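**Student:** I have a structure here, written as structure tokens, and I will follow up with some questions on it.
Number of protein chains: 2
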Amino acid sequence: MAYKTDIQIAREANKLKIQEIGAKLGIPEDDLLPYGHDKAKVSQSFINGVQDRDNGKLILVTAINPTPAGEGKTTTTVGLGDGLNRIGKKAAICIREASLGPNFGMKGGAAGGGHAQIVPMEDMNLHFTGDFHAITSAHALLSAMIDNHIYWGNELDIDQRRIVWRRVVDMNDRALRQVNVSLGGVSNGFPREDGFDITVASEVMAILCLSNDLSDLQKRLGDMIVAYRRDRTPVFARDLKADGAMTVLLKDAMQPNLVQTLENNPAFVHGGPFANIAHGCNSVIATKTALKLADYVVTEAGFGADLGAEKFMNIKCRKAGLAPAVVVCVATVRAMKMNGGVAKADLGTENVEAVRQGCPNLGRHIENLKSFGVPVVVAINHFLTDTDAEVQAIKDFVASMGAEAILSRHWELGSEGSEALATRVAEIADADTANFAPIYPDDMPLADKIQTICQKIYRADAATMDDKILKQLRDWEEQGYGDLPVCMAKTQYSFSTDPTQRGAPTGHRVPVREVRLSAGAGFVVAVCGEIMTMPGLPRHPSAETIKLNADGQIEGLF
Amino acid sequence: MAYKTDIQIAREANKLKIQEIGAKLGIPEDDLLPYGHDKAKVSQSFINGVQDRDNGKLILVTAINPTPAGEGKTTTTVGLGDGLNRIGKKAAICIREASLGPNFGMKGGAAGGGHAQIVPMEDMNLHFTGDFHAITSAHALLSAMIDNHIYWGNELDIDQRRIVWRRVVDMNDRALRQVNVSLGGVSNGFPREDGFDITVASEVMAILCLSNDLSDLQKRLGDMIVAYRRDRTPVFARDLKADGAMTVLLKDAMQPNLVQTLENNPAFVHGGPFANIAHGCNSVIATKTALKLADYVVTEAGFGADLGAEKFMNIKCRKAGLAPAVVVCVATVRAMKMNGGVAKADLGTENVEAVRQGCPNLGRHIENLKSFGVPVVVAINHFLTDTDAEVQAIKDFVASMGAEAILSRHWELGSEGSEALATRVAEIADADTANFAPIYPDDMPLADKIQTICQKIYRADAATMDDKILKQLRDWEEQGYGDLPVCMAKTQYSFSTDPTQRGAPTGHRVPVREVRLSAGAGFVVAVCGEIMTMPGLPRHPSAETIKLNADGQIEGLF
């Protein structure tokens, strides 16, 4: 039997007009701002009007540490959403938007895969509804205003050596990582060192995704620290009077985008902060809006549960007042085998023992997730090569952890394949057994928050921080930032900082190399490894083969 | 009587849904790709389907040299379009899109003014339908691919000192005019000098506006010269295999945008190339589409007639096979007075003699426009302070030139005020007296083309070009670029290169400082003065006061 590619399946989708998708959630046509026939933004006035409604149940989809075998977290998110709708539940999906630039380096991805996808796939990998362009513009405006302020006399006394605001562009362009600007003489300003990050790394992106509404957005934009003076006091975006105009540029970008699954179920795709130097979840406003409109909202978090779910719980849920009813942790037979030591080339061969060997990685994630007070279900995302014995090995292991694993075949069969998973997840959500709480309190010292995550989640002996870092954290506490949560920037491939250490390592230490304050987004970033905020293009970027074919379809993007 | 501001009038507009505007032109709902409820793009399949239809009459609105008094060229374009619809003609308007960045420096403008405006004004001054963001992205992709090519071994043998492709951003950011890139060591590439222009100065913008369709677009993108080798042979965007992916990024941006006037008449707003280093007209695809859908299409060209209309005729019409049926040259009593030597502060006082003194500027434009073989009508855009005697002075002068001047009060009264102008313009267009031809043939040597424009249009004694420039032009002729038209980059304020020389100067020379080849757009730029391709922000940019008010309306942008 020949299987179709993701793009073939996506192109054969019988999409409904976006107004019909909106109608499923009770959104009137006038409150949908359409972008073409299959995308729309939900109006702020409509969102304002539903605030008194009860919330639906929030379901987080997370996963084991990613392996080259592929886990299918988004695929499972979509499959579960479709499955819930199939069993008669009113369910919506919330995921992140894709960044444009990287698609021209490596091939872009679908949102989901097989028969569990969100469409229109082409648009979602290109300009979509322009949100990221708006973020790039708002960011660029502030950049220009900083140098312009200095040019006209520097009333705020900005120390030009201590400008911490870098520029951004939504393109993989390594030549811009480190630049000198304002060259060429008097009329171009004061030369200084600068650099560009990719747009998803902008603090503006993190802020857009954590803001409750436009006034919250403006406040947070104003709170951003762009530079320091010689006396080390911070200069805020507000001091440059940039916050109002940035908010105007982001007005439409703040509105959640509505699209649909292959099965015509509603999906919000909104925001896309980095999962390392930021928190890696879709926007708060999309999640909160979905919770007002649907009885079940399925969302996901970036990377594995040690990074993505931890930040979802400790940053997004804490700050937005959200609480998941149940967490679904995605695992696959193949990934368990890789954790059990099997090479990628050998994954097609049955190896029950290797599956068992790899399960401790999953087990630790289950324990961690439970520590937030939420019930956990494991979704075994089915691959065609999986054997019954291998699947049973995972089920047995998960049962031994006091949880339940359910095989789900949404990739192959769509919602028909995820019915069992959806039924069980809905039962658990309806049972209201969750008692969610972040794993550290707001008023814990920043260094202790880092230690808590490293010890309780990564199971490290300790985080190591030198005196300079400890002093920096204390300084921020004195400046009133002590209540902020911590955003860990660590490899996603291991519980440790060594990406090759699969399974469930112990006895390691987590060296914190650097800490950064995102005062507008509202977190302190602890950098525990190399963090690339501006990717480069490969030797033969996919851009070389991307083109329109004779039918006007895009080739080479997927 | 207190008059309302442009923004007040625009906000009170009774906009129709964009589908109703499309219906006026016979565009089915499915062929309109909506962006919100009041903007839409016209589908390529619909455009393909109307190619066999007859064309409507093309009416160009141009003006005298701009003065600080304001001429109201766009206002007259809109007023004339509304007037034509009022007298029962099926008319559409075509104008350019506004650039986002400059609105955060000085206050942004309406499209038109008073009761002759195009809406939605806020969107048109911000992201609109994302066209300029798409151009910025496509440009940025090529930029990244150039440095990436060098990074991975430079197979094409690009001379890093001779990269002529600069980067772009849609923001006024003087700090980026001249930069050094690829600093910071091996992994960031080979350091070199670079700089950023504003997006409207991108050759990609000029190409989008001159392309007939997506395959023409891709060919032209491939034709762009990005760098030279040590042996001075050019490296094309096609050599980097960037043209296909750039076309994909520009796929939607190529489709014309449909909006409406305050009187609910259709207006295409599409493309916005610089009027100095590029040709300064809206897109060919918008104009051609409008001509298939309406009986009369009113369009405008940037700056005064010496630059804008000349390029419209010699570049856009020549290359796209268009021919205007009539040209409307906008003049005002106030601008005539300024040309006659009156200071701006004294414009409110009647001064018939000064009007007469200033008229030669208008007279020369009339002569020039007639030299293209098209009938000319002068529209006197009425200001409330104009006296009858002043208006009559212009009418008498224009009559002495063998043309006709008509007072038009569209700013104050909408189409009621432009009925007379519309009636006369339609009569002339219907009489089919035009016998359009560009003023130089394709096969004239490039240097002679420059001389022709300088002598016939600017009435200079000569253009002066040194040997280096003459050799460069001959080299391009040998390389096969001799058939290209010339795009003049000169001050818009005078027929001469001295912006303070109002009226109708003679005896001047036009020094050509530099020539540039836009091989993809298809013209040779002759630079005759300082050309700013990256503006800066003023001491107090308007961004400082732009914000959302309590009603969610944008303040400070206008």
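Respectively, the protein sequence lines represent chains A and B. Each residue of the first sequence is one higher than the one before, starting from 3 at the first, in the working numbering. Each residue of the second sequence is one higher than the one before, starting from 3 at the first, in the working numbering. Backbone N, C-alpha and C define an ideal beta-carbon position, used for all residues, glycine too. Computed from a prediction, not measured in an experiment: that's the story for all the values here.
Answer yes if the stretch 229-240 of chain A comes into contact with the stretch 258-265 of chain A, meaning at least three C-beta pairs across the two stretches below 8 Å, and no otherwise.
**Tutor:** no
**Student:** From the beta carbon of E73(B), is the nearest beta carbon of chain A less than 9 Å away?
**Tutor:** In the second sequence, residue 73(B) corresponds to position 71, counting from 1. No, because no Cβ of chain A sits closer than 9 Å to the Cβ of E73(B).
**Student:** Taking the continuous beta strand (DSSP E) assigned at S520(A), which residues delimit it?
**Tutor:** Working through the first sequence from its first residue, we reach residue 520(A) at position 518. Segment E516 to S520, the beta strand (DSSP E) holding S520(A).
**Student:** Under 7 Å Cβ to Cβ from A507(B), same chain only, skipping five residues before and after it: list those, please.
**Tutor:** Within the second sequence, residue 507(B) is the residue found at index 505, counting from 1. Reading the sequence as shown, one finds Pro at residue 507(B) and not Ala. If we look at P507(B) and ignore the five residues flanking it on each side, its Cβ neighbours are S496, F497 and S498.
**Student:** Among R336(B), K221(B) and W413(B), which residue has its Cα nearest to the Cα of A391(B)?
**Tutor:** Counting from 1 along the second sequence, the entry for residue 391(B) is found at position 389. The shortest Cα separation from A391(B) among R336(B), K221(B) and W413(B) belongs to R336(B).
**Student:** Give the residues of chain A in contact with Q46(B), contact being defined as C-beta atoms less than 9 Å apart.
**Tutor:** Taking the first residue of the second sequence as 1, we reach residue 46(B) at position 44. Under the 9 Å cutoff, chain A gives G554.
**Student:** Report yes if the CB atom of R515(B) is closer than 9 Å to the CB atom of V529(B), and no otherwise.
**Tutor:** Residue mapping note: residue 515(B) aligns to position 513 of the second sequence, counting from 1. Residue mapping note: residue 529(B) aligns to position 527 of the second sequence, counting from 1. Cβ atoms of R515(B) and V529(B): closer than 9 Å.
**Student:** So, at 8 Å on beta carbons, what are the nonlocal neighbours of K549(B) in its own chain, with the 5 sequence-adjacent residues on each side left out?
**Tutor:** Locating residue 549(B) in the second sequence gives position 547, counting from the first residue. Within the same chain, K549(B) has close Cβ partners I556, E557 and G558.
**Student:** Let me make sure I understand the geometry here. Which of K19(A), S213(A) and V299(A) has the alpha-carbon closest to that of D56(A)?
**Tutor:** Translated into positions along the first sequence, residue 56(A) becomes position 54. Of the candidates K19(A), S213(A) and V299(A), the one whose C-alpha sits nearest the C-alpha of D56(A) is V299(A).
**Student:** Taking three-plus beta-carbon pairs below 8 Å as touching, is the stretch 538-549 of chain B in contact with the stretch 102-116 of chain B?
**Tutor:** Yes, since at least three Cβ pairs between the stretch 538-549 of chain B and the stretch 102-116 of chain B fall closer than 8 Å, the two stretches touch.
**Student:** Using a Cβ cut-off of 8 Å, pull out every chain B residue sitting near A401(A), in sequence order please.
**Tutor:** Position 399 of the first sequence, counting from 1, holds the residue named residue 401(A). Correct list: empty, because the minimum Cβ distance to chain B is about 48 Å.
**Student:** Determine the DSSP secondary structure at Y460(B), reduced to helix, strand or coil.
**Tutor:** Mapped onto the second sequence, residue 460(B) falls at position 458. Coil, per DSSP.
**Student:** To be precise: take each residue of the stretch 241-272 of chain B, compare its Cβ to all Cβ atoms of chain A, and keep it if any distance is under 9 Å. Which residues remain?
**Tutor:** L242, K243, A244, D245, G246, A247, M248, T249, V250, L251, K253, D254 and A255
**Student:** Drop a sphere of 10 angstroms on the beta-carbon of A436(A), count the other beta-carbons inside from all chains shown, and report buried for 16 or more, exposed for fewer.
**Tutor:** The sequence position of residue 436(A) within the first sequence is 434, counting from 1. That one is buried.
**Student:** Taking contact to mean 3 or more Cβ pairs, one atom from each stretch, closer than 8 Å, check whether the stretch 323-335 of chain B and the stretch 449-461 of chain B are in contact.
**Tutor:** Look at the beta carbons and you see the stretch 323-335 of chain B not touching the stretch 449-461 of chain B: under three pairs across the two are nearer than 8 Å.
**Student:** Anyone know if the C-beta pair for L60(A) and L293(A) falls short of 9 Å?
**Tutor:** In the first sequence, the residue the question calls residue 60(A) occupies position 58. In the first sequence, the residue the question calls residue 293(A) occupies position 291. With contacts defined by Cβ atoms closer than 9 Å, L60(A) and L293(A) form a contacting pair.
**Student:** Using alpha carbons as the reference points, say which of G155(B), V183(B) and S145(B) lies closest to R169(B).
**Tutor:** Against the second sequence, residue 169(B) aligns to sequence position 167. Measuring from the Cα of R169(B), the nearest candidate turns out to be S145(B).
**Student:** Considering only the beta carbon of each residue, do A136(A) and M123(A) sit closer than 9 Å?
**Tutor:** Position 134 of the first sequence holds residue 136(A). Position 121 of the first sequence holds residue 123(A). No, these two residues do not count as a Cβ contact at 9 Å.
**Student:** Check whether the stretch 431-451 of chain B touches the stretch 367-382 of chain B, taking contact to mean three or more Cβ pairs, one atom from each stretch, closer than 8 Å.
**Tutor:** Counting C-beta pairs closer than 8 Å gives three or more between the stretch 431-451 of chain B and the stretch 367-382 of chain B, which meets the contact rule.
**Student:** Whole-angstrom Cβ separation of I89(B) and T493(B), contact assumed at under 8 Å?
**Tutor:** As a working note, residue 89(B) is residue 87 in the second sequence. As a working note, residue 493(B) is residue 491 in the second sequence. The Cβ separation is near 38 Å, so there is no contact.
**Student:** What residues from the stretch 221-239 of chain A come within 7 Å of chain B, judged by C-beta to C-beta, listed N to C?
**Tutor:** none
**Student:** Measuring only the C-alpha atoms, how far is G419(B) from G343(B)?
**Tutor:** Numbered from 1 along the second sequence, position 417 holds the residue referred to as residue 419(B). Numbered from 1 along the second sequence, position 341 holds the residue referred to as residue 343(B). About 29 Å.
**Student:** Locate the beta strand (DSSP E) running through I66(A), then write down its first and last residues.
**Tutor:** Here residue 66(A) refers to the residue found at position 64 of the first sequence. Looking at the DSSP string, I66(A) is not in any beta strand (DSSP E), and its letter there is neither H nor E.
**Student:** Name the chain A residues whose beta carbon is nearer than 8 Å to that of D149(B)?
**Tutor:** As a first step, residue 149(B) must be located in the second sequence, where it is residue number 147. Simply D175, R176 and A177.
**Student:** Could you tell me the alpha carbon to alpha carbon distance between L223(A) and T138(A), rounded to whole angstroms?
**Tutor:** Counted from its first residue, the first sequence places residue 223(A) at position 221. Counted from its first residue, the first sequence places residue 138(A) at position 136. Using only the alpha carbons, I get a separation of about 14 Å.
**Student:** Relative to the alpha-carbon of F276(B), which residue among L309(B), T249(B) and L295(B) has its alpha-carbon at the smallest distance?
**Tutor:** If you number the second sequence from 1, residue 276(B) lands on position 274. Among L309(B), T249(B) and L295(B), the Cα nearest to that of F276(B) belongs to L309(B).
**Student:** Would you kindly work out how many angstroms separate the C-alpha atoms of E406(A) and D196(A), rounded to a whole number?
**Tutor:** Counting from 1 along the first sequence, the entry for residue 406(A) is found at position 404. Counting from 1 along the first sequence, the entry for residue 196(A) is found at position 194. Each residue's Cα considered, the two are about 51 Å apart.
**Student:** Roughly how many whole angstroms lie between the Cα atoms of G58(B) and K92(B)?
**Tutor:** One-based indexing of the second sequence puts residue 58(B) at position 56. One-based indexing of the second sequence puts residue 92(B) at position 90. Using only the alpha carbons, I get a separation of about 9 Å.
**Student:** Hey, G116(B) and I11(B) are a contact pair by Cβ (cut 8 Å); roughly how many whole angstroms apart?
**Tutor:** The residue labelled residue 116(B) in the question sits at position 114 within the second sequence. The residue labelled residue 11(B) in the question sits at position 9 within the second sequence. Indeed they touch by this definition, with Cβ atoms about 7 Å apart.
**Student:** DSSP three-state call for S47(B): helix, strand or coil?
**Tutor:** Residue numbering aside, residue 47(B) sits at position 45 when the second sequence is read from its first letter. Helix, per DSSP.
**Student:** So, are the CB atoms of Y5(A) and T131(A) less than 9 Å apart?
**Tutor:** Here residue 5(A) is taken as the residue at index 3 of the first sequence, counted from 1. Here residue 131(A) is taken as the residue at index 129 of the first sequence, counted from 1. Not a contact, by the Cβ cut-off of 9 Å.
**Student:** In the DSSP assignment, find the unbroken alpha helix (DSSP H) run with R194(B) in it and report its ends.
**Tutor:** Translated into the one-based positions of the second sequence, residue 194(B) becomes position 192. Here R194(B) belongs to no alpha helix (DSSP H); instead the beta strand (DSSP E) covers R194 to D196.
**Student:** Compile a chain-ordered list of the residues in the stretch 540-552 of chain A whose CB is closer than 9 Å to at least one CB of chain B.
**Tutor:** P540, R541, H542, P543, S544, A545, E546, T547, I548, K549 and L550
**Student:** Considering only their Cβ atoms, is the gap separating Q359(B) from G554(A) smaller than 9 Å?
**Tutor:** The residue given as residue 554(A) occupies position 552 in the first sequence. The residue given as residue 359(B) occupies position 357 in the second sequence. No.
**Student:** Given this structure, state the Cα-to-Cα distance separating V427(B) from R98(B), to the nearest angstrom.
**Tutor:** Working through the second sequence from its first residue, we reach residue 427(B) at position 425. Working through the second sequence from its first residue, we reach residue 98(B) at position 96. Roughly 22 Å separates the two Cα atoms.
**Student:** Using 9 Å as the limit for Cβ to Cβ distance, is F106(B) near chain A?
**Tutor:** What you label residue 106(B) is simply residue 104 of the second sequence in a count that begins at 1. Taking Cβ atoms only, chain A reaches closer than 9 Å to F106(B), which makes this a yes.
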